[in-house]
Structure formats: C-alpha cells, structure tokens
Amino acid sequence: MTKLLAKPSPPADDDCCGGGACNPCVWDYYYAERKKWRLQQVTLKATEEQKIQQQKLSVNN
Numbered sequence: 001m002t003k004l005l006a007k008p009s010p011p012a013d014d015d016c017c018g019g020g021a022c023n024p025c026v027w028d029y030y031y032a033e034r035k036k037w038r039l040q041q042v043t044l045k046a047t048e049e050q051k052i053q054q055q056k057l058s059v060n061n
C-alpha cells in the first residue's frame, strides 16, 4: 500500500528571500510536493470510483 501523502503547506512569508537566486527556491519545493499530492488525490479518487462501479456491477448481476 502506498503511503498517503499529507497536503503540503505553503512556505511561510519569511521562508523565501524573494531574491530569485535560490535554486531550488522553497516555492519550487512546495510546488513539486503539491503536484505529487494532487496526483495522488486524483489517483485515489479514480480508484474509489472504479471500486464503486465494480460494486454496482456485481449487485446488478
């Protein structure tokens, strides 16, 4: 079973220097983690919907 990811929190105002020189920036890290979380949420929703459809089919047969 895949570990459920916690929804990432955006960086605090003072976590970013705002200079644009950091590579990666704390915002880059946040957006990458948020993308992973969102993809997992979409996958979980699709899996759940598939299970519901399978249950409906088995009840109707």
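Once you know that position 38 of the sequence shown is 38 in the working numbering, the rest is easy, because the numbers rise by one and skip nothing. Yeah, the Cβ is synthetic: ideal placement off N, Cα and C, and Gly gets one too.
Among the residues of its own chain, which have a CB less than 7 Å from the CB of residue i, if the five just before and after it don't count?
i	result
W27	P11 and C16
P24	none
What is the DSSP secondary structure of residue i, counted as helix, strand or coil?
i	result
A46	helix
K35	helix
L57	helix
K51	helix
Going by the CB atoms, is the gap between residue j and residue i shorter than 9 Å?
i	j	result
L5	Q40	yes
S9	Y31	no
Could you pull out every residue in the same chain whose Cβ sits closer than 8 Å to the Cβ of residue i, ignoring the five residues on either side in sequence?
i	result
L57	none
T2	Q40
Segment contact, 8 Å Cβ cut-off, at least three pairs: the segment 11-25 with the segment 34-41: no
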